[in-house]
Every structure is written in C-alpha cells, then in structure tokens.
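S.K.: Protein sequences, first through last, are from chains F and D. Using our numbering, you'd call the opening residue of the first sequence number 519 and step up by one each time. Using our numbering, you'd call the opening residue of the second sequence number 7 and step up by one each time. For glycine and all other residues, C-beta sits at the position ideal for the given N, C-alpha and C. Take a look at this one; I'll ask things after.
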Amino acid sequence: MHKLWSKILGFSSALFLLIPGMALAAGGGPVAPMVIVADTRKLSGIMAWWANLYNESHLYFTILTVVLIPVIGVIFGVVADIVMTHIGIDLKSRELAEH
Amino acid sequence: MDWLYILMPIAGVKIFWPGLIILGIGVGVIGGFFGMGGAWMVTPGLNILGFPMAFAIGTDIAHMAGKSLISTMRHGKFGNVDYKLGLIMLVGTVIGFEIGAQMIMWLERIGSVELVVRWLYILLLMLITYMVFGDVLKRRKKEKEAAAAGKELDKLATGLEWHKTFHKIKIPPMIHLEVAGIYCSAWLPIMVSFLTGWLAGILGIGGGLIRMPSLIYIVGCPTHVAVGTDLFEVMISGLYGAATYTYKGRTELVAAVIMLIGAAIGAQIGTVATKYIKGYGIRIAFGCAVIGCAISVALKLIPTYFPQSKAFCDVAATFFVLAVVSALSLYIMVKMIQGAKQEVAQKRKKAAAIAS
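The following block contains the structure:
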C-alpha cells in the first residue's frame, strides 16, 4: 500500500512538471496576445519594481507569484481566523453530521 | 476620486480597487460554501471592471488558488477534507484535463467547436440540476414515507443512491477513505476524476462545478466532505494554472492580492456557513447556482441564432451572473450570521449557567 501511494504521488508530481500545456482556461473564450514588456513609466516604488521584475525575467516573476499566492493566502486566512475567533465562533468543530 | 483607482503594473489598465474587494468577498463566500473555484462568476466580473479577457482569466486563477487555500485550511479543521481522496483524484484530473484540452485543440483544427462546447456545457448543467433536485425530491418522499410509518428518517439517508451501486464494484486495489467514510475500489475515484477532468478540459473550466456533485452522487461523499475535498483539488490545480498563466504574462498579481483581501473574509464566511446549514441545504443552493450558470451560458448562445441580439445578451449574461453571485452570497451570509448569533448566545447561556 505504501508503494502504491509513493507511485501515485510520484506520478502526479511528474505529470505536473512534464505537462506545460495544461492550463485551466477557466471560462474559455478568445485570449489577447501576451504583454512582452510592461510599461513602467507611470509606476513608482514597489509597483515599478514588480513590473521591472516581469520585464527582466518571466521565470523569476512566475516563481515569485506562485510562492506569494499561498503565503498571502495563509496570512489573510490566519488574520480572518483571529477575527472570527474574537467574535466567539468555534472554528475547530462542526456538529452537524448529515449527508 | 482618483484614489479609488489603481494602475495595474503589467496589464497597464486603471482598475476600481473597491470593486475587486467586493468581487473577492462574493466569490469567496460562494467558493467556500460550494467548494468550487467559481471562474464562471469571476471572469465576467473582472472583465466588467476593465480587465482585458486574457488578464481576467489568469488573475482569476491566481486569486482562486489563494482563496481555495484559505477555505481548505478552514474545511480541514472542520474535518471536511479527505486528503487521501483528493490526492488520488488529482491523478485522474490531470490526465483527463490534458486529454480533454488536447481533444478540443484537435477539434478546433477541424472546425469551429465553440457552439458544440456551449451546448455540451448546457446539457451537463441540466444533468447536474436534475441530479440535485431529483435527489432532494426523492429524499423528501422518503421523509414523508418514514413519517407516515411513524419513524424518523436516518440522518445519513440520501435521495439518489447511485454511489451504493458503484461501491459494489470490487476491482482491486480497494481503499478505505476514512474521512469520507467510504470503502471502494481505487478505480472509482480515479475514473470519476478522469471523466470530470476530461469534461473540464473540453469545456475550458476549472471543474469544481462538475466534481462536487460527482463526489456526492457517484463516489458517495457526504456533502461537507465533497465541498472540502473539492476545494483541496481546486487549490492545487489553481496553483498550477496560476504558474502557467503567469509565465505567459496573463496574471496581474496586484489585482489577485486585492481580491484575496475580500476573498479571505468571504471564504471564511462561506466555510463557516457550512457549519450551520445541513448537507441538503447546501445541495439545494448549489442547484440554484448551477441553474444560474446554465442561464448565463444560454444567454451567450442566443446570438449564434440571432446575431442582432449579441450586445444585449452579452450585457444581460454579465449582469445575470453578478446578480446570482450577489443573491447567493447574501443568502449564505445571512445564514452564517444567524447561525453564529445562535452559537454565541448558546455559549453565553452555558457560561451563565455554570457561573450561577
């Protein structure tokens, strides 16, 4: 059983790495051509840095985006948790046991 | 009022940022409650805020990954996520999605497939609606019959029981899914995820809308576990989708982060609401969401037969989707507030009783 799990996990990881063509084109429809160079002339501070990073390397930009999304998600999730707990809602158990 | 607009660094368009937060809250509530990404709701919303379509899709997927993570964390704590089932299904979903996406590209080379895809989508949504409401009616009938016999219907009883037939298939390896409370052949979730992934690939959608009812009616998951497990899958596929779209220069992270502020609140509301609403309440509301989605797709089909109605139908479809999002999130929010109020009042009562 342990071997089966290792195989399943290994196979799914390999698929993710080896199929660059897969993209969740949610909603479908025609797509516009990609932006090769972002216009940084009207930007300043962190926004300019972000656009420059995009212009310099799409790969680094992608890696940073994929890392930032879950990190920001976790931070916002934890903050929302704190607020909800402060209100007095039990966030650790659910009593309803219905299909 | 210039401060209400923010210049997007990559797309180069000025966007009304409070609109992004409101949209985030709406889809966060619905996504956390139903266990789906909700691309069919977000993409037109982002488009109406001024995003070009290419950025609307990529930004939606990026925000969807973050939002699903928040909801999965919460559902995980409630014990609603079957990680084993989610990981098994991931294999089938990826293979099925890729085959579906390749198939649609092959069909596109032969001729226009957009019309066929839209009709297929509508048929599928009609089937899901039939399943959901057929199940609800059948369960009500069982409840009435039990009441007539002077008995009470088992809490775990369902209307449609297709999953029981599928569980009779004993092709090894057999697996025990503890959280979902299912013992079945491993091929059942793999085949279901393959088919739902394949359909998602053909239709160009994330797949939560199809996977959630499939988990309930074919795999036999309790509603809450189906919602949580589906979100776990949406989270992983969303991250992958975000990576591919970002690499193609179609993601606006700034907008996704602003939406996440709203989605973090919304996802918590939607997820916590599942605490107070019974499994069948979720199913009925889900059925309404599916009808809303079907009507919006039908509105997009009308111009194919009546080209002069295109402008009207496009606007009507967008506003209809936004109206459905608003109505459903309002319903979920009200239920959540009512439930939370009751819970807090009960806790206070208990505390007062102990103190006296």
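List the residues of chain F that Met180 (chain D) touches, going by C-beta distances under 8 Å, in chain order.
M.R.: By Cβ distance, chain F contributes nothing, its closest Cβ being about 10 Å from Met180 (chain D), past 8 Å.
S.K.: Can you say whether Tyr246 (chain D) is buried or exposed, counting buried as having 16 or more other CB atoms within 10 angstroms of its CB?
M.R.: buried
S.K.: On the three-state DSSP scale, how would you describe Thr99 (chain D)?
M.R.: helix
S.K.: Short of 6 Å in beta carbon distance, which residues of its chain neighbour Leu561 (chain F), apart from the five on each side in sequence? Order them along the chain.
M.R.: Here the set comprises Ala569.
S.K.: Does the beta carbon of Thr603 (chain F) come closer than 8 Å to any beta carbon on chain D?
M.R.: no
S.K.: Which residue's Cα is closest to the Cα of Ile211 (chain D): D:Ile16, D:Val260, D:Leu162 and D:Asp66?
M.R.: D:Asp66
S.K.: Per DSSP, what kind of secondary structure is Cys294 (chain D) in: helix, strand or coil?
M.R.: In the displayed model, Cys294 (chain D) falls within a helix according to three-state DSSP.
S.K.: In whole angstroms, what is the alpha-carbon distance linking Gly92 (chain D) and Ile360 (chain D)?
M.R.: 43 Å
S.K.: For Ala329 (chain D), which residues in chain F fall below 8 Å Cβ to Cβ?
M.R.: Neighbours of Ala329 (chain D) on chain F: none; closest Cβ ~18 Å, over 8 Å.
S.K.: Taking the straight line between their C-alpha atoms, what separation do you get for Val321 (chain D) and Leu113 (chain D)?
M.R.: The alpha-carbon of Val321 (chain D) is positioned some 29 Å away from that of Leu113 (chain D).
S.K.: For Thr280 (chain D), which option in D:Tyr223, D:Ile116, D:Gly140 and D:Val233 has the closest C-alpha, if you only look at C-alpha atoms?
M.R.: D:Val233
S.K.: Please report the Cβ distance between Leu55 (chain D) and Ile21 (chain D), rounded to the nearest whole angstrom; I am assuming they are in contact, meaning their Cβ atoms lie under 8 Å.
M.R.: 6 Å
S.K.: Just to confirm, are Ala323 (chain D) and Leu305 (chain D) a CB contact at a threshold of 8 Å?
M.R.: yes
S.K.: Given that Val584 (chain F) touches chain D, what residues does it touch there, using C-beta distances under 8 Å?
M.R.: Contact of Val584 (chain F) with chain D by beta-carbon distance below 8 Å involves Leu245, Ala248, Ala249 and Thr252.
S.K.: Does the segment 218–238 of chain D come within contact of the segment 128–139 of chain D, defined as at least 3 CB pairs closer than 8 Å?
M.R.: yes
S.K.: Check for me: the beta strand (DSSP E) holding His182 (chain D) runs from which residue to which?
M.R.: Met180 to Leu183
S.K.: DSSP state of Leu259 (chain D), grouped into three classes?
M.R.: helix
S.K.: Along the chain, which unbroken stretches of the beta strand (DSSP E) at least 3 residues long are found entirely within the segment 154–207 of chain D?
M.R.: 180–183 and 188–191
S.K.: Spatial neighbours of Leu183 (chain D) within its chain, please: C-beta separation below 7 Å, excluding the five flanking residues on both sides.
M.R.: Asp88, Lys90 and Leu91
S.K.: Count the other CB atoms, across all protein chains shown, that sit within 10 Å of the CB of Pro15 (chain D); report buried if there are 16 or more and exposed otherwise.
M.R.: For Pro15 (chain D), the number of other beta carbons within 10 angstroms of its own is at least 16, and it is reported as buried.
S.K.: Note the first and the last residue of the continuous alpha helix (DSSP H) segment covering Ile581 (chain F).
M.R.: Looking at the DSSP string, the run of the alpha helix (DSSP H) that includes Ile581 (chain F) is His576 to Ile605.
S.K.: Compare the C-alpha of Ile28 (chain D) against each of D:Trp46, D:Gly18, D:Leu52 and D:Ile12 and name the closest.
M.R.: D:Leu52
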